[in-house]
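S.K.:
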Amino acid sequence: MNKLNNARRSGFGLLIVVLLASHFLISGLLPLSDPSEGRYSDIAKTMVDTSNYTTPMLWLRGQHIPYMGKPPLGFWAMAAAIELFGDNAFATRLPSGVAGLLLLLLMFWILKRYLGREQALSSVLITASSLAYFVFSGAALVDMVLTLFASGALFAYFAFLREKTEPGKQRFSLLVFVLLALGFLVKGPVVLVYFGLPAFLWTLINKQWAGLRQHPWFAGISIFLLVSAPWFVLAEQATPGFLRYFFVNENFLRFVSHQYGDLYGAGRTLPYGSALVLIVLSTVPWSALLCYKWLSYKGGQVTDIRSSSHQSRHLVKRFMQYLGGASRAKNGTGLFFLGLLSLTLFWSLARQLLVYYLLPLIPLFAVWCAGELQRLQLSISSIAKTAVLSILVFSILIFASGQVLVHKRSTQAVIAYAKTLLQPSSTQRLYFVRKTPNTAYFYGNGLILSHADESPVAGVNKALRWHNPPILIALKKYYKQIPASLLEKFRLRQRIGEWRIFTRNGPPENNKPTVEKLSFTYTPAIVAKRPTAVPIQPHRTSS
Numbered sequence: 236m237n238k239l240n241n242a243r244r245s246g247f248g249l250l251i252v253v254l255l256a257s258h259f260l261i262s263g264l265l266p267l268s269d270p271s272e273g274r275y276s277d278i279a280k281t282m283v284d285t286s287n288y289t290t291p292m293l294w295l296r297g298q299h300i301p302y303m304g305k306p307p308l309g310f311w312a313m314a315a316a317i318e319l320f321g322d323n324a325f326a327t328r329l330p331s332g333v334a335g336l337l338l339l340l341l342m343f344w345i346l347k348r349y350l351g352r353e354q355a356l357s358s359v360l361i362t363a364s365s366l367a368y369f370v371f372s373g374a375a376l377v378d379m380v381l382t383l384f385a386s387g388a389l390f391a392y393f394a395f396l397r398e399k400t401e402p403g404k405q406r407f408s409l410l411v412f413v414l415l416a417l418g419f420l421v422k423g424p425v426v427l428v429y430f431g432l433p434a435f436l437w438t439l440i441n442k443q444w445a446g447l448r449q450h451p452w453f454a455g456i457s458i459f460l461l462v463s464a465p466w467f468v469l470a471e472q473a474t475p476g477f478l479r480y481f482f483v484n485e486n487f488l489r490f491v492s493h494q495y496g497d498l499y500g501a502g503r504t505l506p507y508g509s510a511l512v513l514i515v516l517s518t519v520p521w522s523a524l525l526c527y528k529w530l531s532y533k534g535g536q537v538t539d540i541r542s543s544s545h546q547s548r549h550l551v552k553r554f555m556q557y558l559g560g561a562s563r564a565k566n567g568t569g570l571f572f573l574g575l576l577s578l579t580l581f582w583s584l585a586r587q588l589l590v591y592y593l594l595p596l597i598p599l600f601a602v603w604c605a606g607e608l609q610r611l612q613l614s615i616s617s618i619a620k621t622a623v624l625s626i627l628v629f630s631i632l633i634f635a636s637g638q639v640l641v642h643k644r645s646t647q648a649v650i651a652y653a654k655t656l657l658q659p660s661s662t663q664r665l666y667f668v669r670k671t672p673n674t675a676y677f678y679g680n681g682l683i684l685s686h687a688d689e690s691p692v693a694g695v696n697k698a699l700r701w702h703n704p705p706i707l708i709a710l711k712k713y714y715k716q717i718p719a720s721l722l723e724k725f726r727l728r729q730r731i732g733e734w735r736i737f738t739r740n741g742p743p744e745n746n747k748p749t750v751e752k753l754s755f756t757y758t759p760a761i762v763a764k765r766p767t768a769v770p771i772q773p774h775r776t777s778s
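Just so we're on the same page, our numbering is the position in the sequence shown counted from 1, plus 235.
So this is what it looks like as structure tokens:
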């Protein structure tokens, strides 16, 4: 029987590996989406193009400016992948996939060491097949890299708490400091919140203050500063004012005020308490399965919830009874439960919130959920089947959603078609009406006319006066704002989803020998090894 169970587990494990591998391939086939994937990918690409790895640079409203919103480690990882695999979606998404996989391996190693193989395998399966974890492990964002270091630090701290030998405790404690330093280089002090809040509450509730003396504080803090501090010093020297903006505006004011002086666009505001909903959605299907099993469990026997709907009224009571025991669990897993609970409440108090801020909570949820499902008599085989089915469904949905990206939220297809309209050795450029999407800079390879945000009519009128009229690209919603009298001067060349591609009919309107012409000088913001998008700098010349 044990051999049969091991064979089944191996089969499920192999199938999950195949599905995760397909996820890597799918993420390479789908185009980058706007705005975040395009923004971060272009920052990494610019690093490669310019060999400037100190100051992340961002195209915004026609200007190439320093991006002071995040430290560079996530961008460095993307840039390294671009150096290896070229400037494509697969390369910029690869760090997220690798980070997600490394965290799963770290979880399995530590949980198997202290909680046993079944608990470790269940936790890893639940993490890998949770909706948000699976989706964002294939996204060109820095948050999965942050999750590796933030959640990884908590698992290393769990190992520190459970380890019996003094050398072992020292090693795991130093690992905590290393992971926190790397996380600080990804997104700054928020990594200390992800780690510090659960660790503090666990120590407080379990009265384990004496254990703090076992940490190698001097060595740990020295390692933290040696790893994280040098870049911040260099960044302030390169861009004076960076430290104040990053630590005050980005990491404090944005969570207490909607008007926090954001340099890169308005933040997304959600109602207070949204994190409670988002964490439930992020951990689908396991949040739903756990809720069902919890409601239908009575006296050690699972009953049909449809015949005992009154059980739901006892959910809050059961949870409150469980809270004390879970926080003080003898096996140390209270650290993860307290982390899940406290960090969810922390983000519930913030209105500037995105779903991937909750990614570091998913592994914590998985450990707690695995223990609960085991208590509720759900076998490891059932967990594996659910994980496989979830990953399969998510893969299909992600691939299908790629069609939406092509037609609306990515410029890959329209730029590829527009390039076919360019003549060899032509100086003609591509102009996006109203504003330039982030992905356009990534896919444009120096063909994009960067400009400040402007009305569609103003942009088209400007294009009519240019000596070398660009190819116009407009979303349908902007195209509809252009009067017919202007549109008739352009030829519609192609429709691709929501995008429209136009070329100019005839010569520019001011192309007369006796009329002063408007010409443009294309000046890159920084010297690049390869062409990049450039801002338009108009000046007058006489014919």
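Heads up, the beta-carbon is just placed ideally off N, CA and C, and yes, glycines get one too.
(1) Considering only residues of the same chain and omitting the five flanking positions on each side of Ala510, which have a CB-CB separation below 6 Å?
(2) Going by the CB atoms, is the gap between Asn673 and Gly273 shorter than 8 Å?
(3) Under 7 Å from any heavy atom of the ligand HEM, does the C-beta of Tyr429 make it?
(4) For Arg563, collect the residues of the same chain with a Cβ closer than 8 Å to its Cβ; drop the 5 residues on either side in sequence, then sort them by chain order.
(5) For a minimum of 3 consecutive residues, which ranges assigned as the beta strand (DSSP E) are wholly contained in the stretch 281-307?
(6) Taking three-plus beta-carbon pairs below 8 Å as touching, is the stretch 348-368 in contact with the stretch 285-292?
(7) Kindly indicate which three-state DSSP category Ser517 falls into: helix, strand or coil?
(8) Could you tell me which of Gly574, Leu699, Gly304, Ser271 sits nearest to Leu432, measuring between CA atoms?
(9) Run through the DSSP bridge pairs and tell me what Trp734 is partnered with.
(10) Give, in chain order, every unbroken run of the beta strand (DSSP E) that is at least 3 residues long and sits entirely within the stretch 636-681.
(11) Out of curiosity, what's the CA-to-CA distance linking Trp437 and Ala388?
(12) Considering Cα atoms alone, identify which of Leu624, Ala312, Gln609, Gln298 is closest to Ser331.
(13) For Val515, which residues from the same chain have a beta carbon less than 6 Å from its beta carbon, with the 5 sequence-adjacent residues on both sides left out?
(14) Let's test the definition: count the other Cβ atoms within 10 Å of the Cβ of Lys565 and tell me whether it reaches 16, buried, or not, exposed.
(15) What are the complete alpha helix (DSSP H) segments, minimum 4 residues, inside the stretch 310-372?
(16) From the DSSP output, in three-state form, read off Leu684 for me.
(17) Leaving out five residues before and five after Gly263 in sequence, what residues of the same chain have Cβ atoms less than 8 Å from its Cβ?
(18) Per DSSP, which one or two residues make a beta bridge with Phe490?
(19) Could you have a look at Val253 and say whether DSSP puts it in helix, strand or coil?
(20) Mark Glu401 as exposed unless 16 or more other C-beta atoms lie within 10 angstroms of its C-beta, in which case mark it buried.
(21) Please report the distance separating the alpha-carbon of Thr518 from that of Pro306.
(22) When you compare only the Cα positions, how much space is there between Ala334 and Phe369?
(23) If you pair each beta-carbon of the stretch 659-677 with each one of the stretch 625-632, do three or more pairs fall below 8 Å?
(24) Indicate whether Leu356 and Ile615 have their beta-carbon atoms separated by less than 8 Å.
(25) Is the beta carbon of Leu415 sitting closer than 8 Å to the one on Leu427?
(26) How far does the alpha helix (DSSP H) with Thr457 in it reach, from first residue to last?
(27) Where DSSP assigns a beta bridge to Phe395, which residues make up the other side?
(28) Note down the Cα distance separating Ser365 from Ser276, rounded to an integer number of angstroms.
(29) Which residue from Pro266, Phe384, Leu319, Lys697 puts its Cα closest to that of Pro595?
(30) Measuring alpha carbon to alpha carbon, tell me which of Gly423, Val483, Val411 ends up nearest Ile458.
(31) Express the C-alpha separation of Phe572 and Trp603 in angstroms, rounding to a whole number.
(32) Please work out which residues of its chain come closer than 7 Å, Cβ to Cβ, to Gln658, disregarding the five sequence neighbours upstream and downstream, and give them in chain order.
(33) Terminal residues of the continuous alpha helix (DSSP H) containing Trp603?
(34) Going by Cα to Cα distance, which pick from Gly304, Phe343, Arg296, Lys280 is closest to Ala314?
(35) Taking the alpha helix (DSSP H) that Ser577 belongs to, which residues open and close that run?
(36) Using alpha carbons as the reference points, say which of Phe419, Phe435, Ala601 lies closest to Gly304.
M.R.: For this structure:
(1) The residue you call residue 510 lines up with position 275 of the sequence shown. Answer for Ala510: Thr579, Trp582, Ser583, listed in chain order.
(2) Residue mapping note: residue 273 aligns to position 38 of the sequence shown, counting from 1. Residue mapping note: residue 673 aligns to position 438 of the sequence shown, counting from 1. In contact: Gly273 and Asn673 (Cβ atoms closer than 8 Å).
(3) Looking at this structure, you won't find the ligand HEM or any other ligand, since it has none at all.
(4) For the purposes of this step, residue 563 is identified with residue 328 of the sequence shown, where counting begins at 1. Taken in chain order, the residues that qualify are Ile440, Asn441, Gly569.
(5) 292-295, 298-301
(6) no
(7) Counting from one through the sequence shown, the residue named residue 517 turns up at place 282. Three-state result, Ser517: helix.
(8) Position 197 of the sequence shown, counting from 1, holds the residue named residue 432. Here the closest residue by C-alpha is Gly574.
(9) Position 499 of the sequence shown, counted from the start, is the residue given in the question as residue 734. Beta-bridge pairing links Trp734 to Leu710, Ile731.
(10) 665-667
(11) The count along the sequence shown starts at 1 and reaches residue 437 at position 202. The count along the sequence shown starts at 1 and reaches residue 388 at position 153. One C-alpha to the other measures close to 15 Å.
(12) Taking the first residue of the sequence shown as 1, we reach residue 331 at position 96. Looking at the Cα atoms, Ala312 is the closest of the given residues.
(13) Position 280 of the sequence shown, counted from the first residue, corresponds to residue 515. So the qualifying residues of the chain are Ser522.
(14) The count along the sequence shown starts at 1 and reaches residue 565 at position 330. Under this definition Lys565 is an exposed residue.
(15) 324-350, 352-363, 366-371
(16) For this step, residue 684 is matched to residue 449 along the sequence shown. Looking at Leu684 - three-state DSSP - the assignment turns out to be strand.
(17) Locating residue 263 in the sequence shown gives position 28, where the first residue counts as 1. Once the five neighbours on either side are set aside, the close Cβ partners of Gly263 are Asn323, Ala324, Phe325, Arg328.
(18) Walking along the sequence shown from the start, residue 490 turns up at place 255. For Phe490, which the question treats as bridged, DSSP gives no partner whatsoever.
(19) On the sequence shown, residue 253 is found 18 positions in, with the first residue counted as 1. Of the three classes helix, strand and coil, the one that applies to Val253 here is helix, per DSSP.
(20) Mapped onto the sequence shown, residue 401 falls at position 166. The residue is exposed, with fewer than 16 neighbouring Cβ atoms inside 10 Å.
(21) For the purposes of this step, residue 518 is taken as the residue at position 283 of the sequence shown. For the purposes of this step, residue 306 is taken as the residue at position 71 of the sequence shown. Thr518 and Pro306: Cα-Cα distance of roughly 28 Å.
(22) Along the sequence shown, read from residue 1 onward, the residue named residue 334 stands at position 99. Along the sequence shown, read from residue 1 onward, the residue named residue 369 stands at position 134. Approximately 12 Å between the Cα atoms of the pair.
(23) no
(24) Looking up residue 356 in the sequence shown gives position 121. Looking up residue 615 in the sequence shown gives position 380. Yes, Cβ-Cβ distance for Leu356 and Ile615 is below 8 Å.
(25) Locating residue 415 in the sequence shown gives position 180, where the first residue counts as 1. Locating residue 427 in the sequence shown gives position 192, where the first residue counts as 1. A contact, by the Cβ cut-off of 8 Å.
(26) Residue numbering aside, residue 457 sits at position 222 when the sequence shown is read from its first letter. One point to set straight first is that residue 457 is Ser, not Thr, in the sequence displayed. Element bounds for Ser457: 452-473.
(27) Your numbering for residue 395 matches position 160 in the sequence shown. DSSP lists no partner for Phe395.
(28) On the sequence shown, position 130 is the one that residue 365 refers to. On the sequence shown, position 41 is the one that residue 276 refers to. Distance between the alpha carbons of Ser365 and Ser276 is about 25 Å.
(29) Translated into the one-based positions of the sequence shown, residue 595 becomes position 360. Ranking Pro266, Phe384, Leu319, Lys697 by Cα distance to Pro595 puts Phe384 first.
(30) Here the question's residue 458 lines up with position 223 in the sequence shown. When only C-alpha atoms are compared, the closest one is Val411.
(31) Along the sequence shown, one-based indexing puts residue 603 at 368. Along the sequence shown, one-based indexing puts residue 572 at 337. Going from the Cα of Trp603 to the Cα of Phe572 covers about 6 Å.
(32) Counting from one through the sequence shown, the residue named residue 658 turns up at place 423. For Gln658, where only same-chain residues beyond five positions count, there are no Cβ hits under 7 Å.
(33) As a working mapping, residue 603 is identified with position 368 in the sequence shown. Looking at the DSSP string, the run of the alpha helix (DSSP H) that includes Trp603 is 597-610.
(34) To locate residue 314, count along the sequence shown from 1; it is residue 79. Checked all of Gly304, Phe343, Arg296, Lys280; the closest Cα to Ala314 is Lys280.
(35) Counting from one through the sequence shown, the residue named residue 577 turns up at place 342. Element bounds for Ser577: 569-583.
(36) Start at 1 with the first residue of the sequence shown, and residue 304 comes out as number 69. The shortest C-alpha separation from Gly304 is found at Phe419.
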